[in-house]
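**Student:** My questions will all concern the structure given below.
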Amino acid sequence: MSKTFYIETFGCQMNAHDSEKVIGTLEQHGYARVDDEADAGLILYNTCSIRDKAEQKVFHRLNEYKRLQGEGKKFAVLGCVAQQEGTRIFEKAPYVSLVSGSASYRNLPEMLSRLENGEQRITGLDDRQTDAAFETEFVARTNPHRGYITIIEGCDKFCAYCVVPYTRGKERSRTAKSVLDEARRMADAGFTEIQLLGQNVNSYKDPSGRMSFAELLAAIGQLTGIRRVRFTTSHPRDFTRDIVEAIDAVPALCDHVHLPVQSGSTAVLKAMNREYTRDWYLERISWIKAAKRSISLTSDIIVGFPGETEEDLEQTATLLEEVGYDAIFAFKYSPRPNTPAIGMADSLSDEVKAARLQVLLDRQREIQRTNYERHVGEEMELMVEGYNRQRGQVIGRSTQNKTVNFTTTQAILPATGSYVRVRVTQSFPNSLVGEACV
Ligand code: 5AD
Ligand code: SF4
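Here you go:
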């Protein structure tokens with residue numbers, strides 16, 4: 008087998024960052040990355056199974072790979088579909104040699120040696136048994152300015168609709184020391200933005216007992232060279248007031264909290280096993296709104312969960328208005344294997360779910376139109392992310408995670424990763440337009 012690899016990644020930021028760590032581990036073992044699967048000795052597919060018959064898509068994609076077999080190539084399936092389907096993958100796609108879920112990546116070096124020795128059916132499928140996180144010094148980071156750090160893996164919440172507790176294993180946090188060491192190394196390497204990751208990032212529990220999540224946030228925000236710290240995704244159940252206090256106290260902590268509510272109806276929340284009510288959630292929102300800084304709020308929503316009525320949907324719509332989110336990610340409920348909700352009748356047709364989704368998206372658009380309009384005339388600092396050369400605009404991101412397309416009178420455009428002050432001149436429901444301050 009030639010020591011070259013090709014990797015394709017699907018799913019959330021955790022998966023994207025896992026791939027950065029997998030790539031770093033492979034490179035450390037003498038593998039070179041190639042951009043074309045035809046040139047690769049090892050093809051890896053890092054999968055997601057959160058919604059929409061994801062496993063079928065994986066098998067479809069594996070079928071396409073089939074044409075490449077017989078050229079001495081090896082195939083590996085990683086991530087959530089690997090964990091969920093396990094050895095069934097070997098039955099359906101016998102040319103696959105390695106199947107591993109994220110809870111087993113710490114064994115990758117050993118699995119790679121076995122692969123090189125010609126072993127055929129290698130599995131890494133410990134799920135809820137492991138206490139170990141996947142840490143490596145060799146992370147192939149794709150962005151030189153903004154870097155991810157996973158501080159907690161897995162999930163112990165068991166929401167009725169969700170595969171994650173089964174695919175990513177039980178919650179396990181890294182020590183605050185190892186997180187801070189990594190953040191410091193990143194700051195030294197020139198990163199100015201750090202994004203802390205976890206399925207429930209704020210459920211973080213330092214195994215050494217030294218720091219709370221809010222203290223860890225604050226400590227990272229105070230590192231020399233770090234100008235922005237983000238964290239995602241927070242679970243309302245573990246959202247404590249000291250997180251808001253930390254944001255107020257430490258300028259580098261970004262003015263943004265992603266706090267998925269999933270539904271505005273207490274009855275649906277109960278059926279989803281979210282362990283909070285509408286009012287309980289809104290109390291956390293009131294803490295965030297009482298902050299000295301203007302903290303932007305975003306959410307995930309599921310429509311069409313089993314038993315959801317038109318009244319429940321209306322409750323969600325009014326919650327969107329009450330909170331005034333700056334963005335929502337709304338999904339049609341999709342039954343997932345092994346989850347408790349699979350036993351509940353998925354009685355709403357796809358048409359009904361699609362129509363309900365549209366109702367929410369239409370209402371949300373109006374909320375965002377108003378929210379974004381409020382920024383016109385404001386001056387803000389942006390991190391430069393790229394350029395829209397056709398329009399002669401620079402693309403930047405605000406601390407609130409809003410996209411601002413701006414022009415500048417400077418002959419030389421600001422570099423990606425640099426910070427620029429901009430005055431907002433125009434707004435849309437999803438982005439702002441501005442001019443660089445001189
Ligand atoms: N169906 C639809 N959406 C889902 N999500 C998680 N599981 C499902 C499912 N079975 C959504 C939730 C979660 C986001 C990452 O994906 O809104 O917050
Ligand atoms: Fe997809 Fe969830 Fe796995 Fe992320 S954790 S890759 S969203 S199934």
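Numbering (the working numbering), first residue to last: 8 to 445. A virtual CB, placed ideally from N, CA and C, is assigned to each residue, including glycine.
1) Mapping the DSSP letters down to three states, classify G271 as helix, strand or coil.
2) Should S120 be counted as a contact of the ligand SF4 given a C-beta to heavy atom distance under 7 angstroms?
3) Looking at the strands, I want to know which residues DSSP matches up with K339.
4) Hey, how far is the Cα of G48 from the Cα of Y102?
5) Could you name each continuous alpha helix (DSSP H) segment of 4 residues or more that falls completely within the region 342-417, going from the start of the chain to the end?
6) Could you tell me which residues DSSP pairs with T11 in its beta bridges?
7) Leaving out the 5 sequence neighbours to the left and right, which residues in its chain are closer than 7 angstroms to N378 when beta-carbon positions are compared?
8) Would you mind working out which of G197, G216, H265 sits nearest G205, comparing C-alpha positions?
9) If you draw a straight line from the C-alpha of E282 to the C-alpha of M21, how long is it?
10) Is N22 close to the ligand SF4? I mean its beta-carbon at under 7 angstroms from any heavy atom of the ligand.
11) Within 7 angstroms: the Cβ of V171 and any heavy atom of the ligand SF4?
12) Once DSSP output is grouped into helix, strand and coil, what is the label at S301?
13) In the DSSP assignment, find the unbroken alpha helix (DSSP H) run with R68 in it and report its ends.
14) Could you have a look at K81 and say whether DSSP puts it in helix, strand or coil?
15) How big is the Cα-Cα spacing for I335 and N124?
16) Would you say F435 touches the ligand 5AD, meaning its beta carbon is less than 7 angstroms from a heavy atom?
17) Just checking: is the beta-carbon of D255 within a distance shorter than 8 angstroms of some beta-carbon in chain D?
18) If I measure Cβ to Cβ from H356 and keep anything under 8 angstroms in the same chain, skipping five residues before and after, which residues do I get?
19) Applying the criterion that 16 or more other CB atoms from any shown protein chain within 10 Å of the CB defines a buried residue, is R285 buried or exposed?
**Tutor:** For this structure:
1) coil
2) no
3) V310
4) 13 angstroms
5) 357-380
6) A39
7) G331, D333
8) H265
9) 24 angstroms
10) yes
11) yes
12) coil
13) 61-72
14) strand
15) 48 angstroms
16) no
17) Chain labels in this structure do not include chain D; a single protein chain is all it has.
18) One detail in the question is off: residue 356 reads as Ser in this sequence, not His. If we look at S356 and ignore the five residues flanking it on each side, it has no Cβ neighbours.
19) buried
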